[in-house]
Amino acid sequence: MELQTRCQPAPDTLNVFQANDSYHDKNCSSRGTYRDASGLSSWQIILTIIMALITLATVLSNAFVIATVYQTRKLHTPANYLIASLAFTDLLVSILVMPISTMYTVTGKWTLGQVVCDVWLSSDITCCSASILHLCVIALDRYWAITDAVEYTKKRTPKRAAVMIVLVWVFSISISMPPFFWRQAKVEGELSVCEVNTDHILYTIYSTVGAFYFPTLLLIALYGRIYVEARSRILKQSPKKRGKRLTRAHLITDSPESVSVSSLNSKAPDMTSETGSPVYQNQVKVKVSDALLEKKKIMAARERKATKTLGIILGAFIVCWLPFFIITLVLPICKDACWFHTSIFDFFTWLGYLNSLINPIIYTMSNEDFKQAFHKLMRFRCKC
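The sequence shown stops at residue 577 when you use the working numbering, and every number in between is there.
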């Protein structure tokens, strides 16, 4: 059975930043968890299984997105390269960060040493920041494609996508590196807590604003503009009068096998043929559609769906990351006046990780090209 106690902060350190277990202050010199000598409790086993399933699902979903883009030539576009890069970043989160976080969250004690701690913290901050910033460049690409379609089509090249991806990683690394320049001296003996300790409040503001608050404001502004532009296009493409014209036609037949057209836009009374055989009369509605109008309607439908998808992406992103970054920013400011249970931090941390699972699901379910390619890939794998 696991007993939780309220821990007090270590007197010689100020825990400001722990990145997803890294960004936040645990307000404890240790994670404050005490366990029976018999091993993990039933609750810890259940928690381990849940976290392992989330990690596995994140690995598989992002790996399939990458494989789908790689295998399908139709998806070899700059926009989809950005999506594949996002999937690769989320895949790194699921491989480098989530398994170790599972162990640390369940056991409450760090047992992997200083070197692994350094690598894990760096990977955590860098990959999670890169995942968030990828959403920004995808939104920016979409915004330019809608508001400046003609000119941006010429600029929308794989090289431009590659530059955007490189900038994302450079900025993410710039967020994760500073703490290691003023990190505290290595702990003598066994390391029981893996976190970045710092008394630089300005860095906490810089890291949280750069990794979340600024990207969030940018996403809201871009998606707002995209929604307005898409809405404007939909209204322009909606015809005042219906473009579909219904025409009545009568099919007059001497037998079910032989058919001849008697008249168009006219009424034919029931009759019998000269031979006395019955005539089969049917009324058929002929739908005549203007090709250009149909194309506009298809485009409008795609705009609606794309706008809805962007809203879902933004909503999922805010729900997953907002609680975590609020606590991350508030704790260093209020210091000892604030206290949160360790489980709250762990829950908000994994809620943020969950965004790496949600991203590939949203993109594959909302994009018809992705769904078709994904199904083909699945059938190919099954045959193999």
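Glycine included, every Cβ here is placed at the ideal spot set by N, Cα and C.
Neighbour flag for residue i against chain B, beta carbons, 7 angstroms
i, result
"S324", "Among the protein chains of the structure shown there is no chain B, as only one such chain exists."
Among the options, nearest to residue i - alpha-carbon criterion
i, options, result
"A323", "T542, T282, S536", "T282"
"G504", "C320, L550, A332", "A332"
"T401", "T270, N552, F518, I239", "F518"
"L253", "N560, S549, K564, A566", "S549"
"I506", "Y556, F373, L515", "Y556"
"I398", "C531, Y416, L544, P371", "P371"
"V363", "I288, R349, D341, I318", "I318"
"I358", "D334, F374, I368", "D334"
"D341", "E422, S294, D529", "E422"
Residue i: first and last residue of the uninterrupted alpha helix (DSSP H) it sits in
i, result
"S322", "306 to 340"
"K352", "351 to 369"
"I243", "235 to 264"
"V402", "Element bounds for V402: n/a, residue is neither H nor E."
"L285", "271 to 285"
Inter-residue Cα distance where the pair is residue i and residue j
i, j, result
"H327", "V361", "7 angstroms"
"V343", "L412", "23 angstroms"
"V286", "N255", "10 angstroms"
"S235", "T241", "10 angstroms"
"Q264", "S315", "32 angstroms"
"E388", "C310", "8 angstroms"
"T304", "V386", "8 angstroms"
"W313", "L395", "23 angstroms"
"Y420", "P553", "22 angstroms"
"F522", "A245", "The sequence as given places Leu at residue 522; Phe does not occur at that position. Taking the straight line joining both Cα atoms gives about 29 angstroms."
"M296", "R353", "39 angstroms"
"I526", "H393", "11 angstroms"
"F541", "V356", "32 angstroms"
"A509", "F373", "31 angstroms"
"L415", "C321", "21 angstroms"
"A404", "I366", "11 angstroms"
"W543", "Y406", "19 angstroms"
Beta-carbon contacts of residue i that lie in its chain and below 6 angstroms, excluding the five residues immediately before and after
i, result
"R224", "Reliability of the predicted coordinates at R224 is poor, the pLDDT of 47 falling under 50, and the value obtained from them is presented with this limitation in mind. Only G301, T535 meet the Cβ criterion."
"A338", "Y345"
"Q578", "Absent from the model: residue 578. The displayed extent of the chain is 194 to 577, so no value can be given."
"Q565", "none"
"K498", "none"
"R349", "P271"
DSSP state of residue i mapped onto helix, strand, coil
i, result
"L522", "helix"
"N560", "coil"
"S385", "coil"
"K501", "helix"
"W303", "coil"
"H393", "coil"
"C531", "coil"
Cβ-based neighbour list, residue i, same chain, cut-off 7 angstroms, excluding 5 preceding and 5 following
i, result
"D562", "K267, L268"
"P292", "T248"
"A277", "V258, I259, V262"
"H568", "none"
"P351", "P271, Y274"
"A280", "N255, V258, I259, P553"
Close beta carbons around residue i, own chain, < 8 angstroms, minus the five adjacent residues each side
i, result
"P408", "I325, L326, L328, C329"
"K501", "S559"
"I537", "I520"
"V290", "N213, W313, S316, D317, C320, C321, Y546"
"I288", "V252"
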